Amino acid sequence: MKIILLGYMGSGKSTVGQVLAKNLELPFHDLDALIEDHEGTSIPQIFEEKGELYFRKLEYRILEEMLNSPADFILALGGGTPCYGNNMSAILKATQAVFYIQLPIPALSKRLLPEKAERPLISHIPDEELPEFIGKHLFERVPFYSRAHHTLNAENKSLEDLAEEIEGFLV
251 MKIILLGYMG SGKSTVGQVL AKNLELPFHD LDALIEDHEG TSIPQIFEEK
301 GELYFRKLEY RILEEMLNSP ADFILALGGG TPCYGNNMSA ILKATQAVFY
351 IQLPIPALSK RLLPEKAERP LISHIPDEEL PEFIGKHLFE RVPFYSRAHH
401 TLNAENKSLE DLAEEIEGFL V
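Structure, rendered in structure tokens:
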């Protein structure tokens, strides 16, 4: 079984995925980490040196390799992954276990402010403009995210609660 976690940056995909992987005894992968390992450098460096188009093509290639793999795993996607090319269609075709981890804008802003510098998409956004940027971005991305098989409201839930909720859908 392939379990795919998607949602906006800072929604907790990777941390929930790690808890879920431990509970289900499945390998966990973070798509951004796989891309960084492949390139031998960080996502911000890839964006800076080679541009977003290069990154998105590489992202699709690695995503496709994962989806076509015979292995079972849990995969946390980058926030933009479902929104480019045919990524979401490929994901939905590969598995029936696609979960959108949803958080409201104020919660996302609070989580993202301390880590802005490491996030190329928001590193240049003034702090006071971050909620508006996230809102606009979510408006563009929600049509893709909402194609997931299950939407989980993550507000005020622990990692364990979210992992258990996902497990409940897998039975």
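If you count the sequence shown from 1, position 26 lands on 276 in our numbering, and the numbers rise without skipping. Glycine is no exception: its CB is placed at the ideal position from the N, C-alpha and C atoms. Bear in mind that the values here come from a model prediction, so they are computed numbers and not experimental data.
Considering only the beta carbon of each residue, do residue i and residue j sit closer than 7 Å?
i    : j    : result
I227 : L276 : Beyond the ends of the chain as shown, which are 251 and 421, falls residue 227; an answer cannot be given.
K366 : S359 : no
L270 : A413 : yes
K263 : L255 : yes
I293 : D280 : no
L353 : A404 : yes
V266 : L420 : no
M316 : F394 : no
In this structure, what does DSSP give as the bridge partners for residue i?
i    : result
D280 : A326
I253 : I324
T401 : Y350
What are the boundary residues of the alpha helix (DSSP H) that includes residue i?
i    : result
H387 : 380 to 395
E410 : 409 to 420
A367 : That residue, A367, is in no alpha helix (DSSP H); it is neither H nor E in DSSP.
F341 : The displayed chain sequence assigns Ile, not Phe, to residue 341. Note, I341: alpha helix (DSSP H), 337 to 344.
Beta carbon of residue i: closer than 6 Å to some heavy atom of the ligand SAM?
i    : result
I351 : Absence of the ligand SAM from the depicted structure is noted, as is the absence of any ligand whatsoever, leaving it without description.
Please check the pair residue i and residue j, which I expect to be a contact at CB under 8 Å, by giving their CB distance rounded to whole angstroms.
i    : j    : result
L402 : E415 : 6 Å
- Message: Going residue by residue through the region 279 to 322, where are the continuous alpha helix (DSSP H) segments of at least 4 residues, counting only ones entirely within it?
- Response: 281 to 289, 293 to 318
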